[in-house]
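A short write-up of the structure that comes next.
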Amino acid sequence: MRKFSFLAAAAAAALLAGCGFGAPAYPQFSETSYRIEGRTTSLDTGATTQTVIYRDGPKMRVEATLPTYGQATIVFDESTNAAYVLNPTGAVPTAPVPTAQPSAAPATTAPPTTTPPNAGTPPATTAATPAPAPQVVGVAVRIQDADAPQPLETAWAALGAENARSTGRCEVAGEDGHEWTPREAPAPGVERTACITDDGVVLRVRENERVLWEATSLQRGAQDVALFGVPPGYQLIDPQAVAEQVGENLQQLDSVTGATNAPATPQPTPDPRG
368 MRKFSFLAAA AAAALLAGCG FGAPAYPQFS ETSYRIEGRT TSLDTGATTQ
418 TVIYRDGPKM RVEATLPTYG QATIVFDEST NAAYVLNPTG AVPTAPVPTA
468 QPSAAPATTA PPTTTPPNAG TPPATTAATP APAPQVVGVA VRIQDADAPQ
518 PLETAWAALG AENARSTGRC EVAGEDGHEW TPREAPAPGV ERTACITDDG
568 VVLRVRENER VLWEATSLQR GAQDVALFGV PPGYQLIDPQ AVAEQVGENL
618 QQLDSVTGAT NAPATPQPTP DPRG
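If you want the numbering used here, it's the position in the sequence shown, counting the first as 1, plus 367.
Put into structure tokens, the structure is as follows:
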């Protein structure tokens, strides 16, 4: 009798868990500040990259090897959608390019003057020293919002508790969490799971049997504000703005050379017979 009661209780517990009763609460994806380090594996090539991610509310910094930029540091602010790739070795001029100046009028030769023998020596004048150009130590290249890395939590926060289910507890990098998977597979034959802490830090992501991301260390707490901005001495480059400026320069050049003018109307050939 006792055995039957135990089995009935176990079956009821399993049924309640399957219906969502007694299941762990879905993580609270509040804007937790942290520094997390781990390994990212490419789904296409299987190459593993050491990755460091800093988060402070809407701000994020990623230090990793990216397919397009190679070893790179990206700073991103979700509140302004401003993302930059920082390149400390960028070869950029440290002084503005000199522009052509209008020709000066020819100098006139003044008649020589005679200095009285006992005249005092005029005070020497000191030429103004031009201020040194600010030193450029790197470049910050603006990238499109679509190219900016998104926090690991974004997709799971958007999924929501109603579309996810827990498959058990997990522990990664000394941190406890729960395994979560979408109720509907993202694609046929694809099963994706994530080990997520209760406060919304993604510790591991798996797709079928392959681990795409796994943390090796996590430190919670406020991060240095300087990590998320463009460092002093970096030159800001906006490729789109540069392209627009080049287009404007070409239009101006065309207007000077007459390239944009309509072709001249051919003049009739005079009749030699008058």
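Just so you know, even glycine gets a beta-carbon here, dropped at the ideal spot from N, CA and C.
Is it buried or exposed for Gln-590, if we count other Cβ within 10 angstroms and need 16 for buried?
-> Classification for Gln-590: buried.
Where do the N-terminal and C-terminal ends of the alpha helix (DSSP H) with Leu-410 fall, by residue?
-> That residue, Leu-410, is in no alpha helix (DSSP H); it is neither H nor E in DSSP.
Can you tell me the Cα-Cα spacing of Asn-454 and Arg-577, whole angstroms?
-> Asn-454 and Arg-577 have their C-alpha atoms some 32 angstroms from each other.
Exposed unless 16 or more other CB atoms sit within 10 angstroms - verdict on Pro-394 = With 16 or more Cβ atoms within 10 Å of its Cβ, Pro-394 is classed as buried.
Close beta carbons around Ile-403, own chain, < 6 angstroms, minus the five adjacent residues each side = Only Ile-420, Ala-582 and Leu-585 meet the Cβ criterion.
Kindly list the residues whose CB is nearer than 6 angstroms to the CB of Phe-595, restricted to its own chain and excluding five residues on each side of it in sequence; keep chain order.
-> Exclusion of the five residues before and after Phe-595 leaves Lys-426, Arg-428 and Val-442 as the residues of its chain whose Cβ lies within less than 6 angstroms of its Cβ.
Taking just the CA atoms, how far does Gln-502 sit from Thr-476?
-> A caution first: Thr-476 carries a pLDDT of 45, below 50, which makes its placement in the model too unreliable to give a value.
Any idea what DSSP makes of Phe-443, helix, strand or coil?
-> Three-state DSSP puts Phe-443 in a strand.
Among Ala-561, Ala-540 and Leu-570, the one whose alpha carbon lies nearest that of Pro-549 = Check the Cα spacing between Pro-549 and each of Ala-561, Ala-540 and Leu-570: the tightest is with Ala-561.
When you compare each of Cys-537, Arg-532 and Gly-567 to Glu-558 by their alpha carbons, which one comes out closest?
-> It is Arg-532.
Secondary structure at Glu-520, three-state DSSP: helix, strand or coil?
-> Residue state, collapsed to three classes: helix.
Ser-397, enclosing beta strand (DSSP E) - first and last residue = Where Ser-397 is concerned, there is no enclosing beta strand (DSSP E), given that its DSSP letter is neither H nor E.
Considering only residues of the region 535-568, which uninterrupted alpha helix (DSSP H) runs meet the minimum length of 4 residues and lie entirely inside it, listed in chain order?
-> Inside the region 535-568, DSSP marks no whole alpha helix (DSSP H) run of 4 or more residues.
Can we say the region 562-570 touches the region 533-543, given the rule of at least three CB pairs closer than 8 angstroms?
-> These segments touch.
Where Glu-546 and Ala-528 are concerned, what is the direct C-alpha to C-alpha distance, given to the nearest angstrom?
-> Distance between the alpha carbons of Glu-546 and Ala-528: 13 angstroms.
What do you reckon, are the CB atoms on Thr-407 and Thr-399 nearer than 9 angstroms?
-> No, they are not a contact pair.
Test item: CB-CB of Arg-573 and Leu-579 under 9 angstroms = Contact: yes.
Which residue from Ala-525, Leu-526 and Cys-537 puts its Cα closest to that of Leu-570?
-> Relative to the Cα of Leu-570, the nearest Cα in the group Ala-525, Leu-526 and Cys-537 belongs to Cys-537.
Where does Asp-423 fall in DSSP's three states?
-> Correct three-state label for Asp-423: strand.
Own chain, CB closer than 7 angstroms to Ser-446, minus 5 neighbours either side, in chain order = A distance below 7 angstroms between beta-carbons, with the five flanking residues on each side excluded, links Ser-446 to the following residues of its chain, in chain order: Pro-425.
Kindly identify the DSSP beta-bridge partner or partners of Leu-594.
-> Leu-594 is not bridged to any residue.
Quick one: Cα of Gln-438 to Cα of Arg-422, how far?
-> When rounded, the distance between both Cα atoms is 19 angstroms.
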